Amino acid sequence: MSASAPSVPAKGGRSALPYLGVLALGVALALLPYAGPTNHVVSLATSAVIFAIAGSGLGFLWGQSGQLSMAHAAVFGLGGYAGAITAKFFGLSFLAAMPVAVLVGLVSGALVALPSLRTQGHYFVILTFAIGEVIAVVQRRIEWLTGGQEGISAQPGKQVLLGLRLANRGEYFTLIVLIGTAVLLVLLLIMRSRWGTTLRGMRENAPLAASLGVNVTLNRIYAFAISGAVAGLAGHLYLYQVRFIEPNLFTAQASIIFLMIVLLGGKTYLLGPAVGAFLYFFLSEFLGLPPVWNLIGFGVVLIVMILVAPNGILSIIQNLVAPRAKPNAGTEAADKGQAQVSDLPNKA
Amino acid sequence: MLLQQAYNGLAIGSIYALIAVGITLVYGLSRIIHFAVGELVMFGAFTTWEVQRLTGSYTLGFAAAAIVMAVVGILTERFVFRFTLKTPLTGFIVSLGLILVFQGLAVVFWTANTQYVLPPLQGAWDLGAFIVIKQTVLNIAIAVAVLGLCYVVLMHTKYGKALRAVSDDQGAAALMGIPVRRVITSAFVAGSVLCGVAGWLVLSAGSISPHVGDSYLLRGFAVALIGGLGSVSGAAIAGIGLGVAESLAAGYVSSGWNDAYVFGLMIAILLWRPTGLAKGSEGAHI
Chain A
57 MSASAPSVPA KGGRSALPYL GVLALGVALA LLPYAGPTNH VVSLATSAVI FAIAGSGLGF
117 LWGQSGQLSM AHAAVFGLGG YAGAITAKFF GLSFLAAMPV AVLVGLVSGA LVALPSLRTQ
177 GHYFVILTFA IGEVIAVVQR RIEWLTGGQE GISAQPGKQV LLGLRLANRG EYFTLIVLIG
237 TAVLLVLLLI MRSRWGTTLR GMRENAPLAA SLGVNVTLNR IYAFAISGAV AGLAGHLYLY
297 QVRFIEPNLF TAQASIIFLM IVLLGGKTYL LGPAVGAFLY FFLSEFLGLP PVWNLIGFGV
357 VLIVMILVAP NGILSIIQNL VAPRAKPNAG TEAADKGQAQ VSDLPNKA
Chain B
64 MLLQQAYNGL AIGSIYALIA VGITLVYGLS RIIHFAVGEL VMFGAFTTWE VQRLTGSYTL
124 GFAAAAIVMA VVGILTERFV FRFTLKTPLT GFIVSLGLIL VFQGLAVVFW TANTQYVLPP
184 LQGAWDLGAF IVIKQTVLNI AIAVAVLGLC YVVLMHTKYG KALRAVSDDQ GAAALMGIPV
244 RRVITSAFVA GSVLCGVAGW LVLSAGSISP HVGDSYLLRG FAVALIGGLG SVSGAAIAGI
304 GLGVAESLAA GYVSSGWNDA YVFGLMIAIL LWRPTGLAKG SEGAHI
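Residue numbers (the working numbering), protein chains in the order written: chain A, 57 to 404; chain B, 64 to 349.
In C-alpha cells, the structure reads:
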C-alpha cells in the first residue's frame, strides 16, 4: 500500500530548505491572530493546531514505521490528565507540567508498543484498541485522581510564557503554533536522519531489515515512544485550550478521527496531518452541517480517501505539480477491484 | 450466587458468541477485520425495535433484522469491501469509516437518545436461590440454534465445503470451479445476519441507543481473538467463557471495572498465546 509512497517531503539531501519552509509556515501561522480574525476562527484554528500536533505523532508512527496505533487518543488523553493532575495536586504551571506530560506520553507510548513483541498485524492493531479502552476505564474509575466522569479542570490564570498570556485565546494560539513548529522541526530532523531511513526500511520489509542487523523490535518501541511523547504534549496543550477534560473525549472514536486526519493529509508527509487537521475543522465549519452529518461526511471521506488516494491529498497535489510515472500502477488498478482471483492473497 | 452469575454469564456470552462467529466468518474469508460489526448489531436492534413498534410482533422484527442485515452485508461487500480484498488493512480502515457513517445515520433516524424497550418475553421463573429470566432462556436457545445451524452448514453442506476451501486457499478453490467472489460475498452476508440476530438478543437488555454496539464490538473481537481469528468453534466456546468470566468478576469484585477485566483478560491471553487459544487458527474452520 505504501510501496510507492514518497518518503520525505523533499529529496534535498542535507539541504536546510525544508526546515526553513516549516519555520516560515509556522511563523506565518503564528501571526494569524494579529490579522484580526473572529474569536470563533481562533478557537477552531487552535483545535486544528492541537490535532495537527497529535496527528503528526500518529503520522510519524504510521507513515514512517508502518505501525498503526488505535490507542493514540488514549495517550493524548493521558498527556492532558498528566497536566491537569500535576496542576491540581502539586500546583505545577503550564510550563512545569509540560515535561511531565511529554514523559507520560513517551512511557505510555512505549508501553502500547510492548504487545508488538508477541503479536503482529491485525492482532496487534486490535490490542492497541483494547489498551486504549482499558486506559479509558481507568480514567473513569480512579475518581480521587481523575475526577471520574465529572472530569478535571485546569485554569491558565495569569500565566505568561514567551510574553504570551495563556488566558488570552489569540496569544495562546500563537504560543501553541510556535510549540507545534518546534515539534515538526524535531520530527523532520528525525525523518531525515539515518535512523529515519532505517525506520522506513523496516516499514517496507521488516524481515529484510532484521537480516541486515536492524533491531526491529527496539526501533519499533522507540517510534511508538516518540509518537506517544508528541501525543502527550498535544494532550497537555489541549487541556489548556478546553480547560476541562473528561474520559469520554479520548475514546476509540477520537482515535478514528486522528486516523482520518492523518489519512486525509497524507501519512508519509510531514505536513500531512496538519493539512488533514485544518481541513477537518474548517471544512465542517465551512459546510455548516449539523454535527451528525459532519460525522457521516467524514466517514465517507475516510472511506473514499483510503480507496482512491491512500497517500492523502498532498500526494494528489504532488502528482499535479510534478507528475511522474507511478512505479506500481499495475497493483493500483488491481486495488480498484479488477483483480483476478489468482491475484488474491492466499494467506494473510 | 455462583450459579446465578454463571447462568447470567451464559446468557450474555451467547450474544458475544454470535457476534464473534460473524467476525470470524468475514475474517476467515476475506482477511478483513470488520470493525463496524458493533454498528451492525445496533442496526439489528433498531430494526427489530422499529418493526415491533409498527406491527407489535417481535417475530416479524427478527425476520426484518435478518433480512435488512443481509442487504447491508451485500451492499457493504459490493460497494466498499470488494475494493479492499487485496489489502486487508485498508479494509479495516474502511470499516472504521463505516462506523462513523452508521452511527451518524442511526442518530439521524432515531436520535442519540436511549430508547427503552420491553423484552420479547417477560417474567421469570423463581427456583428458590436461582432466578431464571424467561428471555435469557430464549436468548440462549436462539444462539444455540443459530450457531448449530452454522456448524451444520459449514461441515455438512456443499456450500460449507466451498466456504472452507476458499478460506484455505482461494487460488486452488477457484481452480476447482468454486465461485470465489460469490462465496466471499456470502460470508459478509452471513456475518452481518449473525450480528443482526445478536442485535435482536441485545434488545432483551431493556434499552438501546446508537452507541449500544460499542461495548459489543470490542467484546466480540475479544472473543474472536481469544478463540483464534477464523475459528468458528473457538469463537463459540470463548464467547460463553468470556460471558461467564465477566459475570463472575462483576458479581464478586465490582461491575464498574467490567470493561477493564474483559480487555485485560484479552490482552493477557493474547500475550500468552499470540494467535488465540484455539489451535491452528487463521482461516475458517471448526
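We put the CB at the ideal spot given by N, CA and C, even for glycine. All figures in this text were calculated on a predicted structure; none of them were measured in a lab.
Closest residue to residue i among the options (Cα-Cα distance)
i: residue 82 of chain A; options: A/115, A/96, A/232 and A/226; result: A/232
i: residue 169 of chain B; options: A/104, A/327, A/349 and A/191; result: A/349
i: residue 245 of chain A; options: A/120, A/336 and A/301; result: A/120
i: residue 83 of chain B; options: B/312, B/216 and B/279; result: B/279
i: residue 272 of chain A; options: A/173, A/162, A/84 and A/105; result: A/173
i: residue 335 of chain B; options: A/267, A/137, A/183 and A/320; result: A/183
i: residue 140 of chain A; options: A/329, A/219 and A/289; result: A/289
i: residue 196 of chain A; options: A/337, A/302, A/86 and A/321; result: A/302
i: residue 257 of chain B; options: B/200, B/79, B/68 and B/73; result: B/79
i: residue 110 of chain A; options: A/318, A/340, A/352 and A/124; result: A/318
i: residue 100 of chain A; options: A/368, A/338, A/374 and A/345; result: A/338
i: residue 67 of chain B; options: B/312, B/298 and B/140; result: B/312
i: residue 218 of chain A; options: A/151, A/335 and A/103; result: A/151
i: residue 213 of chain A; options: A/297, A/162 and A/280; result: A/297
i: residue 287 of chain A; options: A/103, A/75, A/84 and A/113; result: A/113
i: residue 282 of chain B; options: B/295, B/264, B/301 and B/272; result: B/301
i: residue 365 of chain A; options: A/320, A/89, A/268 and A/304; result: A/320
i: residue 310 of chain A; options: A/148, A/185 and A/93; result: A/185
i: residue 171 of chain B; options: B/214, B/192, B/272 and B/294; result: B/272
Supposed close pair residue i, residue j - CB separation, criterion 8 Å
i: residue 106 of chain B; j: residue 132 of chain B; result: 7 Å
i: residue 270 of chain B; j: residue 195 of chain B; result: That belief does not hold up - the Cβ atoms of residue 270 of chain B and residue 195 of chain B are roughly 21 Å apart, past 8 Å.
i: residue 323 of chain A; j: residue 77 of chain A; result: Going by Cβ atoms, the distance from residue 323 of chain A to residue 77 of chain A rounds to 19 Å, so no, they are not a contact pair.
i: residue 166 of chain B; j: residue 102 of chain B; result: 6 Å
i: residue 249 of chain B; j: residue 135 of chain B; result: Not confirmed; about 14 Å, so no contact.
i: residue 359 of chain A; j: residue 184 of chain B; result: Incorrect: roughly 39 Å between the Cβ atoms, too far for contact.
i: residue 162 of chain A; j: residue 285 of chain A; result: 4 Å
i: residue 239 of chain B; j: residue 288 of chain B; result: With 8 Å as the limit, residue 239 of chain B and residue 288 of chain B do not qualify as a contact, their Cβ atoms being about 31 Å apart.
Residue i burial status per 10 Å Cβ neighbour count (16 or more: buried)
i: residue 206 of chain A; result: exposed
i: residue 256 of chain A; result: buried
i: residue 65 of chain B; result: exposed
i: residue 142 of chain B; result: exposed
i: residue 208 of chain B; result: exposed
i: residue 284 of chain B; result: buried
i: residue 118 of chain B; result: exposed
i: residue 377 of chain A; result: exposed
i: residue 383 of chain A; result: Summary for residue 383 of chain A: the model assigns pLDDT 49, below 50, so the residue's position carries little reliability; its value from the coordinates is reported in the next sentence. Per the 10 Å Cβ criterion, exposed.
i: residue 128 of chain A; result: buried
i: residue 189 of chain B; result: exposed
i: residue 175 of chain A; result: buried
i: residue 115 of chain B; result: buried
i: residue 292 of chain A; result: buried
i: residue 198 of chain B; result: buried
i: residue 261 of chain A; result: exposed
i: residue 112 of chain B; result: buried
i: residue 347 of chain A; result: exposed
i: residue 145 of chain A; result: exposed
i: residue 263 of chain B; result: buried
Neighbouring residues, chain A, relative to residue i (Cβ below 8 Å)
i: residue 298 of chain B; result: None at all; the shortest Cβ gap to chain A is about 14 Å.
Chain A residues whose Cβ lies nearer than 7 Å to that of residue i
i: residue 170 of chain B; result: 348
i: residue 159 of chain B; result: 312, 315 and 358
Interface partners of residue i on chain B, CB under 9 Å
i: residue 179 of chain A; result: 288, 292, 333, 337, 338 and 339
i: residue 363 of chain A; result: 143, 146, 147, 153 and 157
i: residue 331 of chain A; result: Near residue 331 of chain A there are no residues of chain B at all, since even the closest Cβ is about 18 Å away, more than 9 Å.
Within chain B, the residues that residue i reaches when beta carbons sit closer than 7 Å
i: residue 74 of chain A; result: Simply none; closest approach about 28 Å.
i: residue 354 of chain A; result: 163
i: residue 189 of chain A; result: 281, 322 and 326
Partners in chain B for residue i, counting only beta-carbon separations shorter than 8 Å
i: residue 113 of chain A; result: Neighbours of residue 113 of chain A on chain B: none; closest Cβ ~18 Å, over 8 Å.
i: residue 366 of chain A; result: 153
i: residue 163 of chain A; result: Simply none; closest approach about 17 Å.
i: residue 171 of chain A; result: 330, 333 and 334
i: residue 174 of chain A; result: 333, 334 and 337
Under 9 Å by beta carbon: chain A residues contacting residue i
i: residue 284 of chain B; result: 182, 185 and 186
i: residue 86 of chain B; result: Residues of chain A passing the Cβ test: none, with the nearest at roughly 10 Å.
i: residue 89 of chain B; result: Within chain A, no residue comes near residue 89 of chain B; the closest Cβ sits about 12 Å away, beyond 9 Å.
i: residue 306 of chain B; result: Near residue 306 of chain B there are no residues of chain A at all, since even the closest Cβ is about 17 Å away, more than 9 Å.
Every unbroken alpha helix (DSSP H) inside the stretch 309-347 of chain A [4 residues or more]: Within the stretch 309-347 of chain A, the complete alpha helix (DSSP H) segments of 4 residues or longer fall at 328-343, listed in chain order.
Alpha helix (DSSP H) runs contained entirely in the stretch 266-330 of chain B, provided each spans 4 or more residues: Segments of the alpha helix (DSSP H) lying fully in the stretch 266-330 of chain B: 275-290 and 295-315.
Inside the stretch 73-98 of chain A only - alpha helix (DSSP H) runs reaching at least 4 residues: 73-86
In chain order, each alpha helix (DSSP H) run of at least 4 residues that lies wholly inside the stretch 96-171 of chain A: 128-146 and 150-169
Segments assigned alpha helix (DSSP H), at least 4 residues, entirely inside the stretch 187-239 of chain A: 199-202
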